[in-house]
Amino acid sequence: MARAENKETVGPAARMAAAVAKRLRQKKGWTQEYEGAQMGFTGAAISAMERLIHPVSDDMLVQLERVLGGGTGIFEEMRELVRLEKLPEQFRGYAPIEQKAVALCLYANHVVHGLFQTDAYARALIAGGYPKPTPERVDELVAGRMARKELFDRKPVCEIELILDESVLRRPFGGEEVMREQLAYLAECARRSNVNLQVLPLDAGLGGEYAGARGDLNIVETPAHDHVTYLEIQGESLLITDRTKVSVHRQRYAKIRAQALDPRRSLGVIEELAGVRR
Numbered sequence: 012m013a014r015a016e017n018k019e020t021v022g023p024a025a026r027m028a029a030a031v032a033k034r035l036r037q038k039k040g041w042t043q044e045y046e047g048a049q050m051g052f053t054g055a056a057i058s059a060m061e062r063l064i065h066p067v068s069d070d071m072l073v074q075l076e077r078v079l080g081g082g083t084g085i086f087e088e089m090r091e092l093v094r095l096e097k098l099p100e101q102f103r104g105y106a107p108i109e110q111k112a113v114a115l116c117l118y119a120n121h122v123v124h125g126l127f128q129t130d131a132y133a134r135a136l137i138a139g140g141y142p143k144p145t146p147e148r149v150d151e152l153v154a155g156r157m158a159r160k161e162l163f164d165r166k167p168v169c170e171i172e173l174i175l176d177e178s179v180l181r182r183p184f185g186g187e188e189v190m191r192e193q194l195a196y197l198a199e200c201a202r203r204s205n206v207n208l209q210v211l212p213l214d215a216g217l218g219g220e221y222a223g224a225r226g227d228l229n230i231v232e233t234p235a236h237d238h239v240t241y242l243e244i245q246g247e248s249l250l251i252t253d254r255t256k257v258s259v260h261r262q263r264y265a266k267i268r269a270q271a272l273d274p275r276r277s278l279g280v281i282e283e284l285a286g287v288r289r
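For the sequence shown, this note's numbering assigns the number 12 to the initial residue and increments by one for each residue that follows.
So this is what it looks like as structure tokens:
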């Protein structure tokens, strides 16, 4: 059950959305029950949203735009702001950059990169973290992570490269079925025309070189064709725009890619671990 204490965690964008929705409802002379029926929600859900007991959801914003927006797009604009403030604080500065990217070069060596996680994998990962989040916060974080996937089908297209350390594929979260589903989803992503997915094998360091030793790496090409690096560790983040430093990161990424298996062999490894028959 939603609690009154939730009001304290509701961000300014969600507060604004609730206030605007309430005023527009009252201007139309609608009851909460009537508005809820128009939107596919209960009157109690509308009341909880307006009183900030249960923050406005993405689905509710879509319906608010439909029944109250009047073609203004006001609630559609609020969707991005509400989504953003529900994300982890350290990720909020990077999220808009990721969504507008022309190209992404990603390397993950602990867990599957957030853009490529299934709902069940993300839920197991987030719920098992420390400090342990509330069930409501888990739902928010999972929803925010899944919303990032819109980038895959965005127009104009974003070219996405992902290199996964093989250890990521062998480290299970949430049980065998959750991991099998995650691996199958990775294989599905690898077949997308705008995705290049490679695996850095466990024995990559046997030759004396291992470019992936310094951890996860996210390099973004912006619409202005500049490059920035995003790093995150232990709940802290760093957005790097210095061209010299970013150049080093790009060269390191190129080394990681050179040491990885080619896309075809990488797909074979993923399919084998997922138990997919070709």
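The beta carbon of each residue, even a glycine, is placed where N, CA and C say it ideally should be.
These numbers were taken from a predicted model, which means no experiment stands behind them.
Contacting residues, own chain, Cβ-Cβ under 6 Å from residue i (five flanking each side not counted)
i	result
alanine 55	none
arginine 36	Glu46
methionine 27	none
arginine 159	Leu126
Alpha-carbon spacing of residue i relative to residue j, whole angstroms
i	j	result
arginine 191	glutamine 43	44 Å
valine 179	leucine 79	45 Å
alanine 106	methionine 89	15 Å
serine 277	isoleucine 174	9 Å
valine 21	leucine 63	7 Å
alanine 135	lysine 143	12 Å
glutamate 91	leucine 217	46 Å
tyrosine 132	alanine 119	15 Å
proline 146	alanine 138	8 Å
aspartate 237	arginine 165	20 Å
phenylalanine 184	valine 73	32 Å
valine 187	isoleucine 85	Note that residue 187 corresponds to glutamate in the displayed sequence, not to valine. Near 43 Å, if we compare the C-alpha coordinates of isoleucine 85 and glutamate 187.
aspartate 69	alanine 215	43 Å
glutamate 87	glutamate 76	6 Å
valine 206	glycine 40	50 Å
alanine 48	tyrosine 141	40 Å
valine 149	methionine 157	12 Å
alanine 13	valine 189	Note that alanine 13 has pLDDT 43, beneath the 50 cutoff, so the model's placement of it is unreliable and no number is given.
glycine 82	glycine 226	46 Å
alanine 224	serine 58	51 Å
histidine 260	phenylalanine 163	24 Å
arginine 182	valine 122	8 Å
phenylalanine 52	methionine 71	8 Å
histidine 124	aspartate 176	11 Å
Beta-carbon proximity list for residue i, same chain, < 8 Å, skipping 5 on both sides
i	result
glycine 155	Arg94, Lys97, Leu98
glycine 104	Ser248, Leu250
threonine 233	Ile108, Lys111, Ala112, Val113, Val239
aspartate 130	Val153, Met157
glycine 246	Pro99, Gln101
proline 274	Ala201, Asn207, Leu208, Gln209
Cβ separation of residue i and residue j, assumed to be a contact under 8 Å, to the nearest whole Å
i	j	result
phenylalanine 102	serine 248	7 Å
glutamine 270	glutamate 220	7 Å
valine 67	alanine 25	5 Å
threonine 252	valine 239	5 Å
lysine 266	alanine 222	4 Å
tyrosine 264	leucine 242	The pair is not a contact, with the Cβ atoms about 12 Å apart (cut-off 8 Å).
Own chain, CB closer than 7 Å to residue i, minus 5 neighbours either side, in chain order
i	result
glutamate 127	The question names glutamate, but residue 127 in the sequence shown is phenylalanine. Answer for phenylalanine 127: Leu173, Leu197, Cys200, listed in chain order.
threonine 272	Per the sequence shown, residue 272 should be read as leucine rather than threonine. So the qualifying residues of the chain are Gln209, Val210, Pro212, Val280.
glutamate 61	Ala29, Ala32, Lys33
arginine 268	Ile174, Gln209
Any non-hydrogen atom of the ligand FMN within 7 Å of residue i CB
i	result
glycine 22	For the structure depicted, the ligand FMN is absent and the ligand set is empty, with no information on it obtainable.
Open item on the list: Across the segment 153 to 172 and the segment 105 to 124, are there enough close Cβ pairs to call them in contact, namely three or more that are closer than 8 Å?
Closed with: yes
Task: Uninterrupted beta strand (DSSP E) stretches inside the segment 162 to 219 (no shorter than 3 residues) - done: 170 to 176, 206 to 211
Task: Stretch-stretch touch, CB-based, cutoff 8 Å, three pairs: the segment 195 to 214 with the segment 278 to 286 - done: yes
Open item on the list: As an exercise, report each continuous alpha helix (DSSP H) stretch of at least 4 residues that is fully enclosed by the segment 23 to 58, in chain order.
Closed with: 23 to 39, 43 to 50
TODO: Could I get the ranges of all uninterrupted beta strand (DSSP E) runs contained in the segment 82 to 169, with 3 residues as the minimum, in chain order?
DONE: 114 to 119
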